[in-house]
Every structure is written in structure tokens, then in C-alpha cells.
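Step one of this worksheet: look at the structure below.
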Amino acid sequence: MATAAISLIGVRYRLHGRSADDGLDCVGVVAAAMIRAGYRVVAPQGYTMRQVDCSGFALFAPLNGFETVEREGDLVLVRANPVQPHLLIRVPDGFVHAHAGLRRVVFLPGETPWPIAGEWRLRSN
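Numbering (the working numbering) for the sequence shown: 4 to 128.
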């Protein structure tokens, strides 16, 4: 999944975007990377950029074959701010995620600057 995520760097950002051709948001990046890696995806619907509750994102993980881990998860849920949950994919030396401000899927080197709300590891396909 990390290799698939890296291949999405540079794709334009679009809220609720699910296609690399039309744009991706953070959920779309995870969905597109999983599809490119040969997995079936059930993506959450009806979320907004600002929300206090992370439960919809947290349910996304087990529905798609992820197991909860304490550290070093493939999928990382962070709190970009108190009302903005955000998904990132861990790759070597950092993360891939959809950056709304830069309007692109980008590589974030090093550790995440945001507090981690959950981590999951993808089970073998």
C-alpha cells in the first residue's frame, strides 16, 4: 500500500474525491492506494472537513481489513485540529496524505506534527 500511496503524490485535492483523475481527499487517497494495491474498499460517506467525532473514520479501518496497532500503523488517523480528523498513509521516512491547503496529495517527511488518534495495520491480502 505504501508504494501505491507514493504513486499518488501530485494528484490534485478534491473533497470527497475518489479518483486520481478527478482528485482525492484523505479518504480518497487511502481508497485509491488500497485499490492500486489490490484490495477492495468500503469508503465512508457523508463526512465534512470539520467534525468533532472520529468514529466514522475509525470504522473505516476494520471494514477494510485493518487491525488496530499501538504504533507504526500503515493507516494513521490524526487530529489536524480539534475539529478536523485526517487520514495519512505511513510510507518509508514519512507519510502520504491529501493536503487541502496545497490542493495536492503530498509526502510529509518525518513524524506527523498532529496528535495521533488511531493507527491500523493492513492485514495481508
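Built from N, CA and C at the ideal position, the CB exists for glycine as well.
Cα-Cα separation, residue i to residue j
i, j, result
"W123", "V94", "13 Å"
"R17", "E73", "30 Å"
"A64", "L78", "8 Å"
"P116", "G41", "30 Å"
"N67", "R43", "7 Å"
"L62", "L90", "12 Å"
"A103", "V45", "22 Å"
"T6", "E114", "18 Å"
"G26", "I9", "15 Å"
Coil, strand or helix - residue i by DSSP
i, result
"R21", "strand"
"A40", "coil"
"V30", "helix"
"P95", "coil"
Integer-rounded CB distance, given that residue j should sit under 8 Å from residue i
i, j, result
"I12", "V108", "5 Å"
"A120", "P88", "7 Å"
"V30", "H100", "With a Cβ gap of about 11 Å, V30 and H100 do not count as contacting."
Contact set for residue i: own chain, Cβ-Cβ below 8 Å, skip 5 residues either direction
i, result
"F110", "I9, I12, V94, G97, F98, V99"
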